[in-house]
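Residue numbers (this note's numbering): 4 to 340. Where is the CB? At the ideal position from N, CA and C, for every residue including glycine. Comments concern the structure below.
Written out as structure tokens, the structure reads:
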């Protein structure tokens, strides 16, 4: 019992440290950029004290929506990845496993091709992200039987992702190479530069609802990790739990992709890192993934817009940063999962 209490205290301390890392990352993201803002001026601005007009403009109009968007999207993708890895009991699962990212990418590409406005592009992207998962679910329920349902769900996701990726390629082939094609390509590479205050307000409510649902489902995910049959004998409605996880993870992923484009590896790598820090217990793993994902995306975005002369697409850097870490994970046998 004493050992258990000590372990819980260690986990709480680690979560507290991750919260501190997030706070530091947020402040640095607000301060660093083409126009540097001293931390003292940031604190004065948030306290309502007088600061130069240009600082107010850059801080509240340019950087704050971008930072808040990065927090929401990084946390959303990481929580979705952690919950999917638990549900499928597979460490290689990421938030786009059921095709939501590819569907959202197709929706945005179609919106750009048809000259929709910003709201139309994001709405079309979100809708097609949901449609992709519905098609995947239909395939798994139509052809899946008993123990094959999860396998068919993954297979259906691969089929749907391939379908929408092919359709994206077709749209890029048909797009105007001087106007539409560059816009589609840049959007697909991912960026937080287009996020507006309205986008943040639109996403924050579903984000909080999905976060609460996943955290409240942590105990059942722990039981599900023992095996589906064992979970059923312990009173867990596995079908309902799977539907709940798929619904929340799809909402989080579709919202994220519709706002910033396709950002890879965040939902795959961050849950692994969180698992190495706090262990496999989903009661700690989901909050840790949330905090780490927020910090990670803010740090990467700050590097994208500050280190290089021209802003590098976010998806490029997340992939470059995620690959070496994932290679390191592959060298660790029987650790972290």
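| Query | Result |
| --- | --- |
| Take residue 124 and list the residues in its own chain whose beta-carbon comes closer than 7 Å to its own, dropping the five residues that flank it on each side. | 111, 114 and 115 |
| Closer than 8 Å is the cut-off here; do at least three beta carbon pairs connect the region 59-73 with the region 38-45? | yes |
| Could you name each continuous alpha helix (DSSP H) segment of 4 residues or more that falls completely within the region 106-165, going from the start of the chain to the end? | 121-146 |
| Is residue 287 buried or exposed, if buried means 16 or more other CB atoms sit within 10 Å of its CB? | buried |
| Could you give the DSSP three-state label for residue 237: helix, strand or coil? | coil |
| Out of 290, 74, 158 and 109, which has the shortest C-alpha to C-alpha gap to residue 221? | 290 |
| My guess is that residue 84 and residue 139 are in contact by the Cβ rule of under 8 Å, so how many angstroms apart are they, rounded? | With a Cβ gap of about 17 Å, residue 84 and residue 139 do not count as contacting. |
| From the DSSP output, in three-state form, read off residue 50 for me. | coil |
| Within a Cβ cutoff of 6 Å, which residues of the same chain sit near residue 193, ignoring the five residues on either side of it in sequence? | 263, 264, 265, 266, 316, 317 and 318 |
| If you follow the alpha helix (DSSP H) that residue 199 is in, where does it begin and where does it stop? | Where residue 199 is concerned, there is no enclosing alpha helix (DSSP H), given that its DSSP letter is neither H nor E. |
| Taking 6 Å as the limit between beta carbons, can you name the residues of its chain near residue 305, skipping five residues before and five after? | 32 and 35 |
| Who are the near neighbours of residue 321 in its chain, counting only those whose CB is closer than 7 Å to its CB and skipping five residues on each side? | 266, 267, 268, 269 and 303 |
| Just how far apart, CA to CA, sit residue 210 and residue 133? | 16 Å |
| Would you mind listing the alpha helix (DSSP H) stretches within the region 234-273 that are 4+ residues and don't spill past its ends, in chain order? | 241-263 |
| What is the DSSP secondary structure of residue 59, reduced to helix, strand or coil? | helix |
| Write down the C-beta distance between residue 224 and residue 89 rounded to the nearest angstrom, noting that I regard them as a contact closer than 8 Å. | 4 Å |
| When the Cα atoms are used, what is the spatial distance from residue 284 to residue 121? | 40 Å |
| Out of 253, 108 and 131, point me to the one whose CA is closest to residue 213's CA. | 253 |
| By the three-class DSSP mapping on this structure, what secondary structure does residue 93 have? | coil |
| Quick one: Cα of residue 22 to Cα of residue 294, how far? | 6 Å |
| Given a cut-off of 8 Å, decide if residue 29 and residue 229 are closer than it, judged by their beta-carbon atoms. | no |
| So, helix, strand or coil for residue 285, using DSSP? | helix |
| Where residue 179 and residue 188 are concerned, what is the direct C-alpha to C-alpha distance, given to the nearest angstrom? | 12 Å |
| Report the three-state DSSP secondary structure of residue 7 (helix, strand or coil). | helix |
| Determine the DSSP secondary structure at residue 220, reduced to helix, strand or coil. | coil |
| What is the DSSP secondary structure of residue 71, counted as helix, strand or coil? | helix |
| Let's test the definition: count the other Cβ atoms within 10 Å of the Cβ of residue 307 and tell me whether it reaches 16, buried, or not, exposed. | buried |
| Between the Cα of residue 271 and those of 324, 250 and 109, spot the shortest distance and give me the residue it belongs to. | 324 |
| If we ignore side chains and look at the alpha-carbon of each, how far apart do residue 339 and residue 15 end up? | Note that residue 339 scores 48 on pLDDT, short of 50, meaning its location in the model is unreliable; the coordinates nonetheless yield the value given after this. Their backbone Cα atoms lie some 18 Å apart in a straight line. |
| What does the Cβ neighbour count give for residue 237, buried or exposed, with the cut at 16 atoms within 10 Å? | exposed |
| To the nearest angstrom, how far is the alpha carbon of residue 173 from that of residue 54? | 50 Å |
| What number of angstroms, rounded off, separates the C-alpha of residue 206 from the C-alpha of residue 127? | 15 Å |
| Give the range of the alpha helix (DSSP H) segment to which residue 188 is assigned. | 183-192 |
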